[in-house]
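Take the sequence shown: its position 103, counted from the start at 1, is 102 in numbering that gives the first Met the number 0, and no numbers get skipped.
In what follows, a structure is listed as structure tokens, so that the remarks can point back to it.
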Amino acid sequence: MSRGAVLVVEDHGVARQALACVLEASGYAVRQAATAADALASAADGNVALVLLDLGLPDADGIAVVRRLRADPGTRSIPVVALTGRGEEWGEVCGGEGCAAFLTKPVAPRQLLATVARLVGAPGA
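Right under this line is the structure:
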């Protein structure tokens, strides 16, 4: 993927690795972060095409992370896909904050890949 990596932000290591494996097996470059601080730093370096963001991080609310990404001129154009196990009602909240998509955990691999491809294109495209 020439435009940058998919940044997977998830505090649970097994879940983060599972998401990364699905994406990598399909040809996407992947970066991983376990905290909001690491996610913001990684997104700011300019080589991220999409952020896959768990809303329940230990060091910050996921919506606060979305707001910070949207406020920074260097990251505001990066699409954010929100992930949560909280339920569908969060979809409207996420959309109102500028998320490009919302997925409920556990995420089916097909749904994950279709969402990523819709937002950033197929790997290598």
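Just so you know, even glycine gets a beta-carbon here, dropped at the ideal spot from N, CA and C.
| query | result |
| --- | --- |
| DSSP three-state call for aspartate 10: helix, strand or coil? | coil |
| Going by beta carbon distance, what residues of the same chain come within less than 6 Å of glutamate 9, once the five residues before and after it are set aside? | Arg15 and Asp53 |
| Restricting to runs no shorter than 3 residues, where is the beta strand (DSSP E) found entirely within the region 15-79? | 29-32 and 47-53 |
| Under a three-way DSSP split, which group does glycine 99 fall into? | In the sequence on display, residue 99 carries alanine and not glycine. In the structure shown, alanine 99 sits in coil (DSSP, three-state: anything other than H, G, I, E or B). |
| Compute the Euclidean distance between the alpha carbons of histidine 11 and leucine 56, then round it to the nearest angstrom. | 9 Å |
| Closest by CA to alanine 107, which one among Ala121, Gly84, Ala99 and Cys93? | Gly84 |
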